[in-house]
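So the structure is just underneath, and the comments pick up after that.
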Amino acid sequence: MARILVTDDSTFIRRRTCTILNRTGHEIIEATNGNHCLEIMQQDKPDLLFLDLVMPGLDGFGVLKTLQDAGNTIPVIVLTADIQDAVRDECMQLGAHTFLNKPPAEAAVLAALTDALAEGERKA
Numbered sequence: 001m002a003r004i005l006v007t008d009d010s011t012f013i014r015r016r017t018c019t020i021l022n023r024t025g026h027e028i029i030e031a032t033n034g035n036h037c038l039e040i041m042q043q044d045k046p047d048l049l050f051l052d053l054v055m056p057g058l059d060g061f062g063v064l065k066t067l068q069d070a071g072n073t074i075p076v077i078v079l080t081a082d083i084q085d086a087v088r089d090e091c092m093q094l095g096a097h098t099f100l101n102k103p104p105a106e107a108a109v110l111a112a113l114t115d116a117l118a119e120g121e122r123k124a
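Its first residue numbered 1, the sequence shown is counted upward by one per residue in UniProt numbering.
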């Protein structure tokens, strides 16, 4: 069983994503912003991160940069409504594993989860 952190300031998107993930039997942890996300990352050491980009305070780009600077290799699945190629490219350069558009379809969340956990196991 993996520990999965879902970070999004939107209660609707966070709950929707958690509802999908809860059916997988993994442990789900929630954060509402980038600073909260980094606190949980330090305390709970999740195996996977679902991350929103646009949040008040520390945004998803800041979280990705902080993780990259710390040498953290946790798989990150970015959730965003921004579909610009430049945004996707920047996320991937900052170490994101996968990029999903909001609201994410259940099949896309589950496929990204399976792929990212497999990638995380290969890196471990």
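Beta carbons: idealized from backbone N, C-alpha and C, even for Gly.
Per the DSSP calculation, residue i is bridged to which residue(s)?
i	result
arginine 14	Arginine 14 pairs with nothing; no bridge assigned.
threonine 80	Asn101
threonine 7	Ala31 and Leu51
Who are the Cβ neighbours of residue i in its own chain at under 8 Å, not counting the five residues just before and after it?
i	result
asparagine 35	Gly57 and Leu58
methionine 1	Gly25, His26 and Glu27
aspartate 115	His97 and Thr98
aspartate 44	Arg3, Leu5 and Ile29
glutamate 22	The sequence given here places asparagine at residue 22; glutamate does not occur at that position. Here the set comprises Ile28.
Residues in its own chain within less than 6 Å of residue i by CB, not counting five upstream and five downstream?
i	result
alanine 108	Leu100
Spatial neighbours of residue i within its chain, please: CB distance less than 7 Å, with the 5 preceding and 5 following residues excluded, ordered by chain position.
i	result
glycine 62	Gly34
threonine 32	Asp9
Taking the alpha-carbon of residue i as reference, which of the options has the nearest alpha-carbon?
i	options	result
valine 76	Ala86, Val87 and Pro46	Pro46
leucine 53	Leu113, Glu106 and Asp9	Asp9
threonine 19	Ala118, Leu117, Leu110 and Glu119	Leu110
glycine 95	Ala81, Thr32, Gly60 and Arg15	Gly60
alanine 70	Pro103, Leu49, Leu38 and Arg16	Leu38
leucine 79	Ala86, Arg16 and Phe50	Phe50
leucine 117	Thr17, Asp82 and Thr73	Thr73
phenylalanine 12	Pro103, Asp85, Glu119 and Ala112	Pro103
Counting Cβ pairs, one atom from each stretch, are 3 or more of them under 8 Å apart for the segment 81-95 and the segment 1-10?
Contact fails: fewer than three Cβ-Cβ distances are below 8 Å.
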